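Counting from 1, position 92 in the sequence shown corresponds to residue 92 in UniProt numbering; the numbering is continuous, with no gaps.
All residues carry an ideal CB built from backbone N, CA and C; glycine is no exception.
Keep in mind that this is a model prediction, so the values were computed, not measured.
Have a look at the structure below before the remarks.
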Amino acid sequence: MFENLSERLERSFKILKGQGSITELNVAETLKDVRRALLDADVNYNVAKRFTDDVKKKAIGRNVLTAVKPNELMVKIVRDELAELMGGTAAEFKIDGNPAVILMSGLQGSGKTTFSAKLANLLKSKNGKKPMMVACDVYRPAAIEQLKVLANQLGVPVYSEEGSKDPVSIAKHAINEAKNQGCDVVIVDTAGRLAIDEEMMTEIAAIKKAINPTETLFVVDSMTGQDAVNTAKEFNERLDFDGVVLTKLDGDTRGGAALSIRKVVDKPIKFVGTGEKVDALDLFHPDRMADRILG
Ligand code: GDP
1 MFENLSERLE RSFKILKGQG SITELNVAET LKDVRRALLD ADVNYNVAKR FTDDVKKKAI
61 GRNVLTAVKP NELMVKIVRD ELAELMGGTA AEFKIDGNPA VILMSGLQGS GKTTFSAKLA
121 NLLKSKNGKK PMMVACDVYR PAAIEQLKVL ANQLGVPVYS EEGSKDPVSI AKHAINEAKN
181 QGCDVVIVDT AGRLAIDEEM MTEIAAIKKA INPTETLFVV DSMTGQDAVN TAKEFNERLD
241 FDGVVLTKLD GDTRGGAALS IRKVVDKPIK FVGTGEKVDA LDLFHPDRMA DRILG
C-alpha cells in the first residue's frame, strides 16, 4: 500500500536537495509535485490543495529558524502534516457499558461481517471481553450463515432470528439476550446494499435510534478510493457515526480514501483491515501511517 505515493513524495523532496534554503521558488516546485502525487493517489482535490498550502506556510515559516537541510525539513513537515491530515493521534474506541453495543454500517461487500468477526476476536483475546455477534441482515440468509461460521470458529455466541424480517426488534432482543448470557459487548452486523438506497438508510437509522449504540462504525472498502469518501459523507449525514473502519488496505495501492476521509467527513478512522483472516486487523495510528508513507 502507498508504494507509489511514497516513491513520488521521495522524488519531490529531491528537488530541494543541495539547495541552501527553502525559498518561495524552490518550494513551489516541490509542492506542485507533492500535490500531483497526492492527486494521483486519488486524494480528494480540496484536501490535496489545503494540504500543500499548509505545508508551504510551515516550510517558509520554519526555514530561517533551523539548521536542518531544506529537503530534510520538508520531509519532516510533510510527515507531520500527513499525520495531522489523518487525525493526529489514534482515536478512542469505547467498549464500556453493560453491554457495550457496537453497530456496523456500510455497503454490501465493504467487509462488515468480516470486521465484526475481527473485532469480536480482538475484544475476546486482547481485552478479555465476552462479545456476542448479532445477525441483522434479514435479506440474505447467506450473510447470517457467514456470521455463524465465523462466530463458531471464534467460540463467540451469535444471536439471530430465523424468519424475522424486522432488524430493529432483532437488535433489541439481542441486547436482552446478551445480558442474560453475561455478554458485555454486542456487535450488531447489519444488511448493506450494493449502492446507497433510501430503504437501507432508513433501516440502519431506525436500528441506531432503537439501540443507542456505544459506537456506530462505518465500514468501507478503501480500494474504492473517492467513492469511499462520498459514501462516507452520505452515511455520516444520516447516521452521524462515531468512526470509520477502512477495510482491504492490503489491496489498496493508492491510499486516497485513507488520506481523505478524515478531513472530508471529520470523523476518525478507528480500525484498518489488512487481510481476509480474522486477525488481520489494526488500530489506526495516523502517525505510524504517516511514517509508513514516507518510508
Ligand atoms: P459485508 O457484505 O460488508 O458483510 O462484507 P464481507 O465481510 O462479506 O466482505 C466482503 C469480502 O471482502 C469478503 O470476501 C472478505 O473476505 C473480504 N474482506 C473483508 N475485509 C478484508 C480485508 O481487510 N482485506 C481483504 N483482502 N479482504 C477483505
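The secondary-structure analysis by DSSP pairs Glu215 across a beta bridge with Ile102. Distance from the C-beta of Lys148 to the nearest heavy atom of the ligand GDP is not below 7 Å. Between the ligand GDP and Glu72, a heavy atom-to-CB distance of less than 7 Å is absent. Where Gly273 is concerned, the enclosing beta strand (DSSP E) starts and stops at Ile269 to Gly273. The alpha carbon of Val138 has as its nearest neighbour, out of Ile175, Ile207 and Gly61, the alpha carbon of Ile207. Put simply, the backbone Cα of Arg8 is about 22 Å away from that of Ile60.
In its chain, beyond the 5 residues on either side, Asn44, Gly256, Ala257, Ser260, Ile261, Val264 and Val265 have a beta carbon closer than 8 Å to the beta carbon of Val229. For the ligand GDP, no non-hydrogen atom lies closer than 7 Å to the CB of Val188. Per DSSP, the beta-bridge partners of Gly243 are Leu217.
Per the DSSP secondary-structure output, Asp189 pairs in a beta bridge with Ala135. Secondary structure of Asp282 (DSSP, three-state): strand. Selection Asn98, Thr113, Tyr159 and Ala195 evaluated against Thr214 yields Asn98 as nearest (Cα-Cα). As computed with DSSP, Val158 is found in a beta bridge with Met133. The region 159 to 171 makes no contact with the region 76 to 83: fewer than 3 CB pairs, one atom from each, lie closer than 8 Å. For Pro157, the closest C-alpha among the options Lys14, Thr247, Asn236 and Asn121 is that of Asn121.
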